[in-house]
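A.B. asks:
Residue numbers (the numbering used here): 56 to 340.
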């Protein structure tokens, strides 16, 4: 691997770490905020953080850049919104597993949309990464009956995959900072629109405020810019497999902060996921 790709690999692992650490924190926020309200406030703050860095570049942006950013933002909002609503009707472990299916869709959508040959190692790594995710979630998968929330989450997974592939197609043609900002703004605007129909009361809490600001800065502002920049230089399937490593850090955080037990099946799942990330990082172009 080239030096820049190694740097992006390290940054993507940092992104999965941030997403994983914030997952247990976000679950507790829904006591004070509805999922849609949380998304709206989080992405509005992230948009405001982006603005000073991207203001001048926005004036220089052409219509193509704006169009690409808006479309990618719509994909991202649909994925976030469906996953959030689905989480209200399904168990968190099952929601995380179903969402992880996106890693299997990425090579397929990449082949159809980008017309690029998908290497066997990329397909194998994607499938094994998902198998590892299922094993990691083993203890939380009690009910295998299909619920409405499961269907919504499955559709969200498809849109996550579509968003990754779409961004990878245009990330190298536009300014990554502007591209990232436009996506965040679209999610913020659409979340605010849906928030108007939300009857869930807002309850002020310093904890909720901390989590919203923390996720806006690290899990949204930094994370989006990093993975959009990475997609301009790295294979989209490789990026997808690396980003699915989020549950590894979520589990580690839960073990150390909440003393949640972990069994041999979950450990096996973690090992398979780490191996999948290592294999595709080393062998994939």
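Every residue gets a Cβ at the ideal spot worked out from N, C-alpha and C, and that includes glycine.
If we count Cβ pairs, one from each stretch, closer than 8 Å, do we get three or more for the stretch 85 to 101 versus the stretch 257 to 275?
C.D. replies: The stretch 85 to 101 is in contact with the stretch 257 to 275.
A.B. asks: Between the beta-carbon of residue 100 and the beta-carbon of residue 268, is there less than 8 Å?
C.D. replies: In contact: residue 100 and residue 268 (Cβ atoms closer than 8 Å).
A.B. asks: For residue 97, count neighbouring C-beta atoms within 10 Å of its own C-beta (all shown protein chains included) and say buried if the count is 16 or more, exposed if not.
C.D. replies: So residue 97 counts as buried.
A.B. asks: Pick from 333, 323, 294 and 240: whose alpha carbon is nearest that of residue 127?
C.D. replies: Out of 333, 323, 294 and 240, 240 has the C-alpha closest to the C-alpha of residue 127.
A.B. asks: Measuring only the C-alpha atoms, how far is residue 335 from residue 176?
C.D. replies: Whole-angstrom Cα-Cα distance: 7 Å.
A.B. asks: Closest by CA to residue 112, which one among 237, 57 and 162?
C.D. replies: Out of 237, 57 and 162, 237 has the C-alpha closest to the C-alpha of residue 112.
A.B. asks: Counting pairs of beta carbons, one from the stretch 171 to 186 and one from the stretch 320 to 338, are three or more of them closer than 8 Å?
C.D. replies: The stretch 171 to 186 vs the stretch 320 to 338: in contact.
A.B. asks: Taking all protein chains shown into account, decide if residue 162 is buried (16 or more other Cβ within 10 angstroms of its Cβ) or exposed.
C.D. replies: It is buried - the Cβ of residue 162 has at least 16 other Cβ atoms within 10 Å.
A.B. asks: Which residue wins for smallest C-alpha separation from residue 142, given the options 172, 167 and 212?
C.D. replies: The shortest C-alpha separation from residue 142 is found at 212.
A.B. asks: Taking 8 Å as the threshold, find out whether the stretch 128 to 141 comes into contact with the stretch 218 to 226 through three or more Cβ pairs.
C.D. replies: Judged by Cβ distances under 8 Å, the stretch 128 to 141 makes contact with the stretch 218 to 226, as three or more pairs qualify.
A.B. asks: Can you list, in chain order, the residues of its chain with a C-beta nearer than 7 Å to that of residue 206? Leave out the 5 residues immediately preceding and following it.
C.D. replies: None.
A.B. asks: Which same chain residues, not among the five before or five after residue 283, have their C-beta less than 8 Å away from its C-beta?
C.D. replies: Around residue 283: 222, 226, 231, 234, 235 and 238.
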